[in-house]
Amino acid sequence: MSFWGATVITNLLSAIPYIGNSLVAWIWGGFSVDSATLTRFFAFHFLLPFIISAMMLLHLLFLHETGSNNPLGLNSNTDKIQFHPYFTYKDFLGATLMIILLLQLTLFTPLLLGDPENFTPANPLITPPHIKPEWYFLFAYAILRSIPNKLGGVLALTFSIAALLLLPLTHTATQRSITFRPAAQLLFWGLAAD
Numbered sequence: 120m121s122f123w124g125a126t127v128i129t130n131l132l133s134a135i136p137y138i139g140n141s142l143v144a145w146i147w148g149g150f151s152v153d154s155a156t157l158t159r160f161f162a163f164h165f166l167l168p169f170i171i172s173a174m175m176l177l178h179l180l181f182l183h184e185t186g187s188n189n190p191l192g193l194n195s196n197t198d199k200i201q202f203h204p205y206f207t208y209k210d211f212l213g214a215t216l217m218i219i220l221l222l223q224l225t226l227f228t229p230l231l232l233g234d235p236e237n238f239t240p241a242n243p244l245i246t247p248p249h250i251k252p253e254w255y256f257l258f259a260y261a262i263l264r265s266i267p268n269k270l271g272g273v274l275a276l277t278f279s280i281a282a283l284l285l286l287p288l289t290h291t292a293t294q295r296s297i298t299f300r301p302a303a304q305l306l307f308w309g310l311a312a313d
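Numbering (my numbering), first residue to last: 120 to 313.
As structure tokens, this is what we get:
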């Protein structure tokens, strides 16, 4: 992670009243982004895939304990087959092939997918020239720029992302999909009969 990226992302916390600046200095480990900050962030980014893998294993454990849903919401235990050996061999083969490909990439050509600009020495005083606004952050730029108050902009940005967490709560029907609803039927037959 660059000095610039760490500075920009962590400075969003400075919008928190009273404790914001102290919180930013605590995360940085000083009064500016330095080697200690990058070491902390690197450790976090190194550990995060292992945490995600542990959560995935827990998810698989509970999924095979209770079973998954189907679009009709019916009990489908009679249609199921044994997990072992069918899915065990399939998953083992897929994981083996993926590990072989990743090992070939990392051991033989580690810089193949890299960017030469990653070797530019870090300068915390300027924005790197290769940093350009990305289209998928346009909503964030628009929200932060349209609200003059820093705290209001950060809160609006946080709530705009958190609103996505409410979407699963809006689905209250017993059916698990839209396949058999009238609007979906009209769309399907309109396209299939055309």
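All residues carry an ideal CB built from backbone N, CA and C; glycine is no exception.
Cutoff 7 Å; reference Ile151; Cβ partners in own chain excluding five residues on either side:
The sequence shown places Ser at residue 151, rather than the Ile named in the question. Contacts found: Pro243.
Through-space distance from Ala241 to Leu286, alpha-carbon basis:
So the two alpha carbons sit approximately 40 Å from each other.
Where the alpha helix (DSSP H) containing Gly148 begins and where it ends:
Run containing Gly148: none; DSSP gives neither H nor E here.
Between the stretch 170-185 and the stretch 127-138, do three or more beta carbon pairs fall short of 8 Å?
As far as the Cβ criterion goes, the stretch 170-185 does not touch the stretch 127-138, which means the pair count is below three.
Counting Cβ pairs, one atom from each stretch, are 3 or more of them under 8 Å apart for the stretch 123-132 and the stretch 149-163?
yes
Whole-number beta carbon distance between Leu263 and Leu276, since they are thought to touch under 8 Å:
With a Cβ gap of about 6 Å, Leu276 and Leu263 count as contacting.
Continuous alpha helix (DSSP H) stretch holding Ala281: start and end
Lys269 to Ala281
Distance check for Asn130 and Asn196, CA to CA, integer angstroms please.
Taking the straight line joining both Cα atoms gives about 52 Å.
Between the CA atoms of Lys209 and Leu288 - distance to the nearest angstrom
Each residue's Cα considered, the two are about 34 Å apart.
Could you tell me the alpha carbon to alpha carbon distance between Thr291 and Ala144, rounded to whole angstroms?
For Thr291 and Ala144, the distance between alpha carbons rounds to 45 Å.
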